[in-house]
Amino acid sequence: MGDTHRERLDPQRERRTAVASGPGPDRAPIIIGGLPSQVPDFDPEETREWLDSLDAAIDERGRDRARYLMLRMIERAREKRVAVPEMRSTDYVNTIATKDEPFFPGNEEIERRILNATRWNAAVMVSRAQRPGVGVGGHIATFASSASLYDVGFNHFFRGKDGGDGGDQIFFQGHASPGIYARAFLLDRLSEAQLNGFRQEKSKAPDCLSSYPHPRSMPDFWEFPTVSMGLGPLGAIYQARMNRYMEARGIADTSRSHVWAFLGDGEMDEPESLGQLSIAAREGLDNLTFVVNCNLQRLDGPVRGNGKIIQELESVFRGAGWNVIKLIWDRSWDPLLAQDRDGVLVDKMNRTPDGQFQTYATESGAYIRDHFFGGDHRLRAMVENMTDDQVLHLGRGGHDHRKIFAAYAAALAHKGQPTVILAKTVKGWTLGPNFEGRNATHQMKKLTVDDLKRFRDRLHLPISDKQLEDPYEAPYFHPGKDSEEIQYMHDRRRALDGYVPTRVLRAKPLTLPGDHAYAAMKKGSGKQTIATTMAFVRLLKDLMRDKEIGRRFVLIAPDEYRTFGMDSFFPSAKIYNPMGQQYESVDRDLLLAYKESPTGQLLHDGISEAGCTASLIAAGSAHATHGEPLIPVYVFYSMFGFQRTGDQFWQMADQMARGFVLGATAGRTTLTGEGLQHADGHSQLLASTNPACVAYDPAFGFEIAHIVRDGLRRMYGSSPEHPHGEDVFYYLTVYNEPIVHPAEPEDVDVEGILKGIHRYAPGTAGSIPAQIMASGVALPWALEAQRILAEDWDVRADVWSATSWNELRREAVDAEEHNLLHPEEEPRVPWVTRKLSGAEGPFVAVSDWMRSVPDQIARWVPGPYTSLGADGFGFADTRGAARRFFHIDAQSVVVAVLSELAKAGQVDRGVLKQAIDRYRILDVRAADPGTMGGDA
Ligand SMILES: Cc1ncc(C[n+]2csc(CCOP(=O)(O)OP(=O)(O)O)c2C)c(N)n1
Ligand SMILES: [Mg+2]
């Protein structure tokens, strides 16, 4: 023990350990953690012998040789299942040894010709879109760098949907879209007119193409929107997980589906790109492959000029538990690496920063000979017999079909872990010296006549100089329908189950539950007080019991099931976990025990709203992806929905995903005690900015029932207008304040509930007419104001429940637009105007939202209109104090109504001061504190 201790303090030994972990002190350690310090050395003698051998190897053969031996030892130890710590990164060479590359089954010559035609057409399409008078932009250099990565996928791996299942799910790098269009053109999937309509979606409609992958713009083509950096990788992880979930729950056979995500190396800086890697490893998603196109550049310049992005990503992914395949060098390096006995070449590769490699990509063979190979006589000797041209063409792995094939095959064969392929490429590859590796290449869109000629020569295309005289009219190249190339492409796609990308709708409409499922909601809550959140959960329980659709519900929450009273689902529906529950749950004896199961229905994505939203999107588009509709119900703190993951909701809208999104704990004053960060007074407004989002702010259970029923009908039912349902999703804000839910009125106005407003309680006493509109949790305040107004001020106010300010506005805007364009027709009166016409007196709106929410309809209210709202930051206090502070409580509504009546001359102005004093409107302490509870 004492010896061991002394040894550890021995500086000589420290030095030797450091040397053993790398050839120089500047090298980062390759073993994380080193020796476990609490493990005693039982045989110091033997240890000493091993260390002496290592020292001898270093002294006699040098550090590089010693390092090699050490790495081999580690490798052997792993083979023999000795648990040595993971290495964080490996040498800057291909992970797959040349001898381990499988047979390449393709015809390289034909594939090269196909690729050349694709490269040309992609660039020409973008360049044409730059012609004077159009100038709509596009990207050339990105696809130029990743063209082979896609082509090998298309020719040998990506599965289409003709095999009876969902095929593969492929997330294409957004701004590589020109290449995907160019390939579809060769296959006659897109016409020349469509290519000419690139980025001119209205002016060239219907012959047009969207800038990036947008399913909403091209619903038969694109499946996954990706161009908002970071959302593609995040979405791909959860798509792979959703595939597993659907399989485990017996909803679809996804066993042959593989998820491919093509990503940029710059894109990996987004927190969304890397933030959820661990879930993919934890759940063993070997149905997922990331291909990171490491062209070493982002938009402005190098991704890691002074460092090495491939090495950095290798560490990150490996640390997260992924299988990492580095694809750095093409086959022309193989003979050089084979000669590299001293490791000088690998060492040079290891030490050269990315910024320098980028410069090599722009330089001559002579420069590379001098600068890369020049520093060491052994390196110089390696290229002695090569011409400058040969040195120049020592290429990168991401452009070598055979090596790409080997990497993809290895990724598919790898079991138990997701794989990332880090493929090194040159940005702008084959586009010539003005593009390749240039810092500005990302945004360069115009090819000059000289660029075009060089490019044509490089691609060996039979296009004459004359055809290139006007660079904006450069012709597309198609080798002919019957050519060997095109036949080859079709053959390959036939063998791989059809064309990709393809989006199809083949889900059958669901048989939706009838009245019985909603019966309980109709009855109200009797004497019991429950929050609207709980009312929704009760309805959900009833719907989940339905034989037809019950199993299609996918519940999603970010570690908040308990907050929302949904822990009651734990023992029955269970939490999805592919590993099941390998421990005895601490609460196993309780009725509501925590229960994980491989067939669980609930998704518990941890505290990750981004992860949950990605699950929501994958589930909500399963009707298209796999032909099996799922009904996701995602419940979250309303503050952390649109505000935190608004871009993903936009992605959801683009992907035309459907489902129910529940902003629970809504309202700026309703979640007592939480304060500034939690008090949501604006998510309805944010929701209004999303064109696919149908948002409601219901007050009572019976309203929720009608809204959910209609949502199911619109999204999952079939109508002549929408045989496959509508591409919308529902946002409902629900609150945590317990109230008594009334039974549904006999003459309930269902149309009003669904369109956005219904008269819930006409005034019955008082003589001066007025109108109060309220939504959500504010309904009881309005009813209380109605009572006070009648009793104290002889005012007869009708109370309206505004279930959707957003929908009212949307309809009115449509009507206005119609009127603008059809002056000859009888003007359409917005529905809200019609609905409110005939209502007497001024209108006062109140809600737990900022005023902008009800103000959305101001233009169309037929009469004087004002609103009360919770503008500003929320804070922690009692509900009563908060509502008095914002002047949205019942007494404040009374004062507001009187104020409007005074303006109209219907009451004396003098009563206003009286009312303010009587209710102590300016004193937050005078307010009834209201009910308690509701923290999280
Ligand atoms: C969230 C987001 N921020 C910024 C952009 C703008 N943008 C488009 S491409 C790009 C650079 C991409 O670099 P990289 O990921 O390395 O892709 P490459 O083109 O090099 O393959 C940027 C910043 C975006 N599309 N999304
Ligand atoms: Mg890049």
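Take the sequence shown: its position 393, counting from 1, is numbered 393 in the UniProt record's numbering, and each next residue is one higher. Even for Gly, the Cβ is constructed at its ideal location relative to N, Cα and C.
Three-way DSSP call (helix, strand, coil) for residue i in this model
i: residue 157; result: coil
i: residue 773; result: strand
i: residue 481; result: coil
i: residue 715; result: helix
i: residue 604; result: strand
i: residue 938; result: The displayed coordinates of the chain run from 1 to 936. Any statement about residue 938 would go beyond what the structure contains.
i: residue 588; result: coil
i: residue 801; result: strand
i: residue 623; result: helix
i: residue 534; result: helix
i: residue 182; result: helix
i: residue 529; result: strand
i: residue 175; result: helix
i: residue 646; result: helix
i: residue 910; result: helix
i: residue 758; result: strand
i: residue 229; result: coil
i: residue 260; result: strand
Spatial neighbours of residue i in its chain, beta-carbon cut-off 7 Å, leaving aside the 5 residues before and after
i: residue 818; result: 828
i: residue 340; result: 346
i: residue 687; result: 642, 693, 695, 731 and 806
i: residue 885; result: 924
i: residue 373; result: 379, 380, 382 and 383
With 16 other Cβ atoms within 10 Å as the buried cut-off, status of residue i
i: residue 873; result: exposed
i: residue 814; result: exposed
i: residue 24; result: Confidence in residue 24 is poor, its pLDDT being 38 and thus under 50, which makes the residue's placement unreliable; the coordinate value appears in the next sentence. Result: exposed.
i: residue 283; result: buried
i: residue 703; result: buried
i: residue 135; result: exposed
i: residue 607; result: exposed
i: residue 539; result: buried
i: residue 32; result: Confidence in residue 32 is poor, its pLDDT being 39 and thus under 50, which makes the residue's placement unreliable; the coordinate value appears in the next sentence. Flag for residue 32 reads exposed.
i: residue 536; result: buried
i: residue 760; result: buried
i: residue 163; result: exposed
i: residue 583; result: exposed
i: residue 242; result: buried
i: residue 89; result: buried
i: residue 514; result: exposed
i: residue 838; result: exposed
i: residue 922; result: exposed
Beta-carbon separation (whole angstroms), residue i vs residue j, contact threshold 8 Å
i: residue 775; j: residue 797; result: With 8 Å as the limit, residue 775 and residue 797 do not qualify as a contact, their Cβ atoms being about 16 Å apart.
i: residue 683; j: residue 638; result: 5 Å
i: residue 800; j: residue 846; result: Rounded, the Cβ-Cβ distance is 11 Å, inconsistent with contact.
i: residue 738; j: residue 531; result: 5 Å
i: residue 405; j: residue 152; result: 5 Å
i: residue 117; j: residue 477; result: 5 Å
i: residue 770; j: residue 912; result: 14 Å between Cβ atoms; not a contact.
Own chain residues within Cβ distance below 6 Å of residue i, not counting five before or after
i: residue 388; result: 365 and 366
i: residue 653; result: 690 and 692
i: residue 317; result: 324 and 420
i: residue 34; result: For residue 34, the predicted model reports a pLDDT of 46, less than 50, meaning its position is unreliable; a value from the coordinates is still stated below. Cβ within range, chain order: n/a, list empty.
i: residue 184; result: 190
i: residue 400; result: 330 and 331
i: residue 166; result: 257, 625 and 626
Cβ neighbours of residue i in the same chain (closer than 8 Å, five flanking residues each side left out)
i: residue 198; result: 125, 126, 128, 129, 136, 138, 178, 181, 208, 209 and 211
i: residue 723; result: 509
When the Cβ atoms of the stretch 648–667 are set against those of the stretch 708–727, are three or more pairs found closer than 8 Å? yes
Stretch-stretch touch, CB-based, cutoff 8 Å, three pairs: the stretch 332–339 with the stretch 69–84: no
With contact counted as at least three CB pairs below 8 Å, one residue from each stretch, are the stretch 599–607 and the stretch 559–572 in contact? They touch, by the three-pair rule.
Inter-stretch contact (C-beta, 8 Å, three-pair minimum) for the stretch 294–303 and the stretch 235–254: no
Cβ contact check for the stretch 745–754 and the stretch 787–795: 3 or more pairs under 8 Å: no
Check whether the stretch 421–428 and the stretch 143–150 are in contact - that is, three or more C-beta pairs closer than 8 Å. Short answer: they touch.
Touch test, the stretch 351–362 against the stretch 99–107, Cβ-Cβ under 8 Å, three pairs minimum: no
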